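Chains as they are written, first to last, in the numbering used here: chain A, 145 to 378; chain B, 145 to 378.
To start, the structure itself, in C-alpha cells.
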C-alpha cells in the first residue's frame with residue numbers, strides 16, 4: 145500500500161493519501177484546498193486514480209479540497225451521515241467499509257469534537273487509525289462548537305478508540321508540535337486529557353478550556369458545508 | 145522497531161527517532177536544540193534509553209541538540225569523519241554500521257551539500273534511507289557553502305543513493321512543502337534536479353541557483369562545530 149502523510153503548514157493539518165499499489169486506486173482523507181496542485185502532481189507522478197475524498201468532519205480551520213478534487217478528477221466526495229454537506233457524492237456511517245483497491249477502511253462514528261466526527265481504521269499487521277480531531281497526540285479535539293459534546297467525545301475515546309489494540313498507529317488530523325504519529329497504547333498511558341477519572345471530570349476539563357474560535361471558522365464552516373465551494377477569500 | 149519522524153517548524157527540519165522495541169535502545173538523527181524537552185519527554189514516555197545522536201552533516205540552518213542530549217542522557221554524539229566537531233564522542237565513516245539494539249544503520253558517505261554529508265540506510269523489507277540534505281523530496285541540498293561541491297553531490301546521488309532499490313523509502317532532512325517521505329524509485333523518475341544529462345549539466349544547474357545564505361548560518365555552523373554548544377542567542 146502506498147501511504148503518505150501530507151502537512152499543511154498554514155492550518156497544521158495532516159492529510160493522508162492511501163493507495164493500492166496494484167490497482168492504483170487512491171483516496172485522500174482531510175484534503176486541504178490550498179494543496180490541490182500538490183495532490184494533483186503527486187497523483188500524476190505515482191500514476192494513481194483518485195477514487196474518493198473523505199472528510200473526518202466539518203472542519204472549522206481550513207477549507208476542504210473535496211469539491212475541487214471531484215471537479216478535476218471525477219472522484220467521489222464522502223462525508224459522514226450527520227454532515228450538512230448535502231452536496232457530497234455520498235455519506236458514510238458507523239461500521240461502513242470504504243474500499244481503496246483491495247484494502248478497506250472501517251468507518252467509526254466518534255462524535256464529540258463535532259456531531260459529524262468520524263475516524264477511519266485501516267486494519268492489517270500494523271493497523272492505522274485516522275483519528276481526525278477526536279484523538280490527537282497527547283490531546284483531544286475541542287468540543288465547544290458545531291454541536292460538539294465533551295460527554296460524547298469521552299465515550300467515543302474510551303469506548304471506541306482506546307479500545308483498539310495498543311499497537312494501532314494513531315494518525316491525527318493535526319499536530320501543533322511536530323509529532324507525526326502515536327499509538328493507542330501510548331495515548332492510553334500518556335494523553336493528559338485522558339487521565340481524568342470519569343466522564344464528568346472530562347466534561348469539566350473541556351468546559352474550563354475557554355479557547356478562542358479558529359480564525360477561519362466563519363468562512364470555513366459554511367464553505368465546508370458546501371463541499372469546499374466558496375467565493376474568493378479576498 | 146519504533147520509528148518517529150519529528151518536525152521542527154522553525155527550520156523545517158525532520159529529525160528521526162529510531163528505537164529497538166525489545167532492548168529500548170534509541171538514537172536520534174539530526175536533532176534540533178529547541179526540541180530537547182520534547183525528545184526527553186518522548187524518550188521517558190516510551191521508556192527508551194538514548195544511546196546516540198547522529199548528525200548527517202554540519203547544519204547551517206539550525207543548532208544540533210547533540211551536546212545537550214549527551215549532557216542530559218550520557219549518550220554518544222556521533223558525526224562524520226570530515227566534521228570539524230572534534231568534541232563529538234566518535235566519528236563515523238563510509239560503510240560503518242551503527243547499532244541500535246538488534247537493528248543497524250549502514251553509513252553512506254554522500255558529500256556534496258557539505259564535505260561532511262552522510263546518509264544512513266536502515267535495511268529490511270521496507271528499507272529506509274535517511275538522506276540528510278543530499279537527497280530531498282523532488283530536490284537536492286544546495287552545494288554553495290561549507291566545501292560543498294555540485295560535482296561530488298551528483299556522484300553521491302547517482303552512484304550511491306539512486307542505486308539503492310526503488311522501493312527504499314526516502315526520509316530527508318527537510319521538506320518545505322509538507323511532504324514527509326518519498327521513494328528512491330520516485331526520485332529517480334520525478335526529481336527535477338536529476339533530469340540533467342550529465343555531471344557537468346548538474347554543476348551548471350546548481351551554480352545558477354544563487355541562493356541567499358541561511359539566516360542562522362553564521363551562528364549555526366560554529367555552534368554545530370562545537371557539538372551545539374554556544375552562548376545564548378540573544
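Built from N, CA and C at the ideal position, the CB exists for glycine as well.
This one's a predicted model, so the numbers in the text were calculated from it and none came from an experiment.
Quick one, are the C-beta atoms of residue 199(A) and residue 193(A) less than 7 Å apart? no
Is DSSP giving residue 366(A) helix, strand or coil here? helix
Please return the same chain residues whose Cβ sits closer than 6 Å to the Cβ of residue 335(B), not counting the five positions on each side in sequence. Here the set comprises 282.
Just by C-beta distance, which residues in the region 310-325 of chain A are closer than 7 Å to chain B? Answer set for the region 310-325 of chain A: 321, 322, 323, 324 and 325.
Helix, strand or coil for residue 182(B), going by three-state DSSP, please let me know. helix
Contact under 7 Å by Cβ, residue 263(B) with residue 245(B): Note that the C-beta distance between residue 263(B) and residue 245(B) is not below 7 Å.
Cα-Cα separation, residue 328(A) to residue 375(B): Straight-line measurement puts the Cα of residue 375(B) at about 41 Å from the Cα of residue 328(A).
Listing by chain order, which chain A residues have their CB less than 9 Å from the CB of residue 151(B)? The CB of residue 151(B) comes closer than 9 Å to the CB of 151, 319, 321, 322, 323 and 324 in chain A, given here in chain order.
If you pair each beta-carbon of the region 210-227 of chain A with each one of the region 351-367 of chain B, do three or more pairs fall below 8 Å? no
Touching or not, the region 246-261 of chain A and the region 160-173 of chain A, by the rule of three or more beta carbon pairs under 8 Å? yes
Starting from residue 250(B), follow its DSSP beta bridges and name the residues at the other end. Residue 250(B) pairs with 241(B) and 265(B).
With three or more beta-carbon pairs closer than 8 Å as the criterion, would you say the region 171-186 of chain B touches the region 149-160 of chain B? yes
Excluding the 5 residues preceding and the 5 following residue 217(A) in the sequence, name in chain order all residues of the same chain whose CB lies nearer than 7 Å to its CB. The residues 194, in chain order, have a CB closer than 7 Å to that of residue 217(A) in the same chain once the five nearest residues on each side in sequence are set aside.
Just mark residue 191(A) as buried or exposed, buried being the case when its beta carbon has 16 or more other beta carbons within 10 Å. exposed
Residues that DSSP places opposite residue 171(A) in a beta bridge: 162(A) and 196(A)
At the level of alpha carbons, what is the spacing between residue 299(B) and residue 351(B)? 16 Å
Taking residue 344(A) as the reference, give the member of 297(A), 308(A), 315(A) and 309(A) with the closest Cα. The candidate whose alpha carbon is nearest that of residue 344(A) is 297(A).
Rounded to whole angstroms, what is the Cα-Cα separation between residue 145(B) and residue 169(B)? CA-to-CA, the gap between residue 145(B) and residue 169(B) works out to about 10 Å.
Would residue 312(B) pass as a contact of residue 273(B) if the rule is Cβ separation under 7 Å? yes
For the alpha helix (DSSP H) holding residue 152(B), just list the boundary residues, first then last. Residue 152(B) -> not in any alpha helix (DSSP H); beta strand (DSSP E) instead, spanning 146-152.
Chain B contacts from the region 167-185 of chain A (Cβ-Cβ distance under 8 Å): 179 and 182
Under DSSP, the alpha helix (DSSP H) around residue 346(B) begins and ends at which residues? Residue 346(B) -> alpha helix (DSSP H) spans 343-351.
Would the beta-carbon of residue 305(B) fall within 7 Å of that of residue 279(B)? Contact flag set, yes.
What does residue 247(B) reach in chain A if we use C-beta pairs closer than 8 Å? What residue 247(B) touches in chain A: nothing, since even the nearest Cβ is about 17 Å away.
What residues from chain B crowd round residue 334(A), counting only those whose CB sits closer than 7 Å? 189
With a 10 Å radius around its C-beta and 16 neighbouring C-beta atoms as the bar for buried, classify residue 232(A) as buried or exposed. Classification for residue 232(A): buried.
Check the C-beta distance from residue 179(B) over to residue 205(B) and give it rounded, since I have them as a contact under 8 Å. The Cβ separation is near 14 Å, so there is no contact.
Buried or exposed: where does residue 255(B) fall if 16 or more other Cβ atoms within 10 Å of its Cβ makes it buried? buried
Going by DSSP, what residues sit across from residue 316(A) in a beta bridge? Its beta-bridge partners are 276(A).
My guess is that residue 257(B) and residue 310(B) are in contact by the Cβ rule of under 8 Å, so how many angstroms apart are they, rounded? In fact, because the Cβ distance is near 23 Å, the residues do not count as touching under 8 Å.
Could you round the C-beta distance between residue 222(B) and residue 197(B) to whole angstroms and report it? I think they count as a contact, below 8 Å. 7 Å
Do you know offhand how far residue 219(B)'s Cα is from residue 235(B)'s? 14 Å
Kindly indicate which residue of 339(A), 358(A) and 184(A) has the alpha-carbon position closest to the one of residue 214(A). 184(A)
Report yes if the CB atom of residue 211(A) is closer than 7 Å to the CB atom of residue 322(A), and no otherwise. no
Where DSSP assigns a beta bridge to residue 236(B), which residues make up the other side? 224(B)
Reference residue 271(A); option with closest CA among 150(A), 314(A) and 340(A): 314(A)
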